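Under the numbering used here, the first residue of the sequence shown carries the number -15, and numbering increases by one thereafter.
Even for Gly, the Cβ is constructed at its ideal location relative to N, Cα and C.
In this text the structure is predicted, and so the values were computed from the model without any measurement.
What follows is a set of notes on a single structure, which appears directly below.
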Amino acid sequence: MESQLILEVRDLGNIIVKLETAISPITYSRLSKSLPTRTNAIRYGQLIIMPLDLGVISEGKRTSLRPYEVGYWVKKRSLVIALGSIDLGEQVNVLGYIMSGVDLLGKLNGGHSIRISIK
């Protein structure tokens, strides 16, 4: 069974992320142990940032994300969703990509409460 990250956005609906657990297995393990949890979504340019401290984890050498990829931004200790192609200039551990709920991303800005869980 594939793992899915469920982002429940209050008053809007759910965003479903297909997790690619083999790409960043340590990050995935720490993420799954920290859930369920709540955080706030912050829109910053082409990124949705969700503060979530999983510690400093060095997996892979990527510093960029493609549209609708989800990763863990190591230096900022946050989950991030790319709205477009973006180079963070710092390490990001890729976790997966959005399967459904893309239409909700444009509605997210500061202040939206998100419940994060794994199915």
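Within the segment 40 to 85, the runs of beta strand (DSSP E) at least 3 residues long that lie entirely inside it are, in chain order, 53 to 57, 62 to 66, 76 to 84. In this structure, DSSP gives LYS2 an extended state, which the three-state scheme calls strand. In this structure, DSSP gives LEU(-11) an extended state, which the three-state scheme calls strand. When C-alpha distances from ARG27 are compared across HIS96, SER101, ILE102, LYS103, the shortest belongs to HIS96. Distances from the CA of SER13 to each of LYS91, ARG50, TYR81, ILE41 were compared; the closest alpha carbon is that of ILE41. As DSSP reads the structure, TYR28 sits in a beta bridge with LEU31. Contact annotation, THR11 with LEU79: C-beta distance approximately 6 Å; criterion of less than 8 Å satisfied.
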